[in-house]
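The next block holds one structure in the form of structure tokens; read it before the comments.
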Amino acid sequence: MSKKFIDLAVAGIRGLNPYLPGKPIEELERELGVRNILKLASNENPIGPSTDVLNVLNGDLEVSLYPDGNGFALKQALAKKLKIDQEKITLGNGSNDILDMIARVFLCEGREAIFSQYAFAVYPIATQAVGAVSKISAALPVDHPSMPYGHDLDAMLSLLSSKTSVIFIANPNNPTGTWLSKEELRGFIEKVPSDVIVVVDEAYFEYVDKAEYPDTLQWLDDFPNLIVTRTFSKIYGLASLRVGYSVCSAEIADLLNRVRQPFNVNTPALTAATTALADDGHIQYCADINREGLAFWKASCKERNLPFIPTVGNFITVDMRQNAMPIYNALLREGVIVRPVANYGLDQHLRITIGTAEQNKRCLDALDNVLSQQNTNSL
Numbered sequence: 013m014s015k016k017f018i019d020l021a022v023a024g025i026r027g028l029n030p031y032l033p034g035k036p037i038e039e040l041e042r043e044l045g046v047r048n049i050l051k052l053a054s055n056e057n058p059i060g061p062s063t064d065v066l067n068v069l070n071g072d073l074e075v076s077l078y079p080d081g082n083g084f085a086l087k088q089a090l091a092k093k094l095k096i097d098q099e100k101i102t103l104g105n106g107s108n109d110i111l112d113m114i115a116r117v118f119l120c121e122g123r124e125a126i127f128s129q130y131a132f133a134v135y136p137i138a139t140q141a142v143g144a145v146s147k148i149s150a151a152l153p154v155d156h157p158s159m160p161y162g163h164d165l166d167a168m169l170s171l172l173s174s175k176t177s178v179i180f181i182a183n184p185n186n187p188t189g190t191w192l193s194k195e196e197l198r199g200f201i202e203k204v205p206s207d208v209i210v211v212v213d214e215a216y217f218e219y220v221d222k223a224e225y226p227d228t229l230q231w232l233d234d235f236p237n238l239i240v241t242r243t244f245s246k247i248y249g250l251a252s253l254r255v256g257y258s259v260c261s262a263e264i265a266d267l268l269n270r271v272r273q274p275f276n277v278n279t280p281a282l283t284a285a286t287t288a289l290a291d292d293g294h295i296q297y298c299a300d301i302n303r304e305g306l307a308f309w310k311a312s313c314k315e316r317n318l319p320f321i322p323t324v325g326n327f328i329t330v331d332m333r334q335n336a337m338p339i340y341n342a343l344l345r346e347g348v349i350v351r352p353v354a355n356y357g358l359d360q361h362l363r364i365t366i367g368t369a370e371q372n373k374r375c376l377d378a379l380d381n382v383l384s385q386q387n388t389n390s391l
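Read left to right, the sequence shown gives residues 13 to 391 (this note's numbering).
As structure tokens, then:
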């Protein structure tokens with residue numbers, strides 16, 4: 013009898029659960045026949061890319077030839093904007109691609125990666141796929157006075173061992189939105205051995221409006237073991253084009269580029285990202301819309317006595333005070349897609365992307381309707 017194909021797969025893959033994205037609009041249309049759907053599930057920018065980006069994408073793009081495998085123009089634009097050397101940049105098919113490269117370069121069977129409870133789901137996936145072991149530190153307690161559910165850096169340090177090769181930290185973190193200050197994060201990295209890679213995932217960097225929030229690119233000369241990842245999928249509004257990047261020492265960048273797939277970033281993505289970098293006004297506008305929307309959601313949750321996790325990203329994770337799946341499913345029937353986060357161990361929570369003022373109001377009205385129906389049915 014021939015073996016099952018799963019028996020032929022390597023050990024890490026056999027027990028792997030794939031990443032679960034937010035429900036696509038088309039899928040909900042097929043399932044329930046709902047129209048005029050609002051998706052606030054995947055932390056996409058509700059404004060979308062700038063007019064300049066749309067114009068260049070509607071222009072004459074060469075699609076019959078391979079893209080520039082080195083991404084020279086985008087690297088040059090990033091180097092100029094960020095004031096860094098080009099050889100420190102690695103381009104990815106989204107920043108997830110970079111995280112996968114890091115795992116393939118620095119993790120394997122017999123090595124360990126450390127990350128926090130409630131950390132981004134890609135960290136355990138990338139770690140397990142290469143046969144390494146995930147060491148998960150407990151998050152700060154729910155009743156912590158300033159950062160419930162946040163990274164407990166002392167707990168993370170306690171997991172360091174001779175097998176530790178990589179530490180993943182999202183700042184701010186997805187799906188919680190919690191964040192670390194300059195003092196906290198720098199003090200942590202100073203305590204990490206120099207032969208352990210520290211990855212600071214800054215996918216939501218451009219949304220943060222806190223004076224104490226660090227720009228870790230400024231620390232690269234001090235910490236040669238530091239890798240900073242960022243993306244064009246969030247505030248730049250290019251989620252479907254899949255382009256991200258990392259900045260690190262030239263030595264580490266060389267290693268990452270050894271495993272980077274040829275032509276991993278396509279021509280439209282390279283062109284759009286290069287154009288998007290030049291439009292500071294659009295980015296500021298999107299940040300302003302997000303700040304207003306975040307204030308709206310925080311105030312609305314307080315009015316309804318719905319606890320929420322402190323956040324500085326473009327989303328808010330709300331405690332429904334009950335199993336959140338029935339509420340999520342009821343919202344789907346209202347034509348509103350948010351994100352359940354039970355796969356992170358947050359069974360009572362829903363993560364809601366910050367939309368435009370109109371979108372936020374529609375989502376809140378739908379939530380009010382669902383909760384009102386629940387209260388009526390319970391009488």
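All C-beta atoms, glycine included, are put in the ideal place defined by N, C-alpha and C. In this text the structure is predicted, and so the values were computed from the model without any measurement.
Closest by C-alpha distance to residue i, when choosing among the options
i           : options               : result
residue 120 : 102, 131, 65 and 143  : 143
residue 44  : 367, 352 and 344      : 344
residue 183 : 243, 63, 206 and 141  : 243
residue 271 : 102, 188 and 73       : 102
residue 376 : 360, 339 and 353      : 339
residue 166 : 294, 200, 32 and 298  : 200
residue 241 : 346, 135 and 130      : 135
residue 381 : 357, 347, 361 and 370 : 347
residue 363 : 310, 370 and 92       : 310
residue 63  : 137, 279 and 297      : 297
residue 250 : 33, 59 and 325        : 59
residue 150 : 156, 139 and 129      : 129
6 Å Cβ shell around residue i - same chain, five flanking residues per side excluded
i           : result
residue 385 : none
residue 372 : 305 and 308
residue 29  : none
residue 320 : 313, 328 and 330
residue 248 : 288
Opposing strand residues paired with residue i [DSSP bridges]
i           : result
residue 145 : 124
residue 104 : 256
residue 243 : 256
residue 97  : Beta-bridge pairing links residue 97 to no other residue.
residue 331 : 361
residue 238 : 210
Residue i in three-state terms, based on DSSP
i           : result
residue 365 : strand
residue 35  : coil
residue 360 : strand
residue 344 : helix
residue 324 : coil
residue 50  : strand
residue 377 : helix
residue 132 : coil
residue 23  : helix
residue 352 : strand
residue 177 : strand
residue 277 : coil
residue 182 : strand
residue 139 : helix
residue 188 : coil
residue 209 : strand
residue 152 : coil
residue 56  : coil
residue 204 : coil
Close-in-space but distant-in-sequence residues of the same chain around residue i (CB under 8 Å, 5 per side omitted)
i           : result
residue 203 : 169
residue 153 : 160
residue 16  : none
CB contact below 8 Å: residue i versus chain B
i           : result
residue 186 : Any reference to chain B falls outside this structure, which holds one protein chain only.
Cβ-based neighbour list, residue i, same chain, cut-off 7 Å, excluding 5 preceding and 5 following
i           : result
residue 76  : none
residue 217 : 242
residue 273 : none
Stretch-stretch touch, CB-based, cutoff 8 Å, three pairs: the segment 111-126 with the segment 196-214: Yes: the two stretches touch, three or more of their Cβ pairs being nearer than 8 Å.
Any 3 or more C-beta pairs closer than 8 Å across the segment 283-302 and the segment 311-319: No contact exists between the segment 283-302 and the segment 311-319.
The segment 124-135 touching the segment 255-270, judged by at least three CB pairs closer than 8 Å: Contact fails: fewer than three Cβ-Cβ distances are below 8 Å.
Validate contact between the segment 89-106 and the segment 325-337 using beta carbons, cut 8 Å, 3 pairs: Output reads no: the segment 325-337 does not touch the segment 89-106.
Cβ contact (3+ pairs, closer than 8 Å) linking the segment 70-89 and the segment 38-53: They do not touch, by the three-pair rule.
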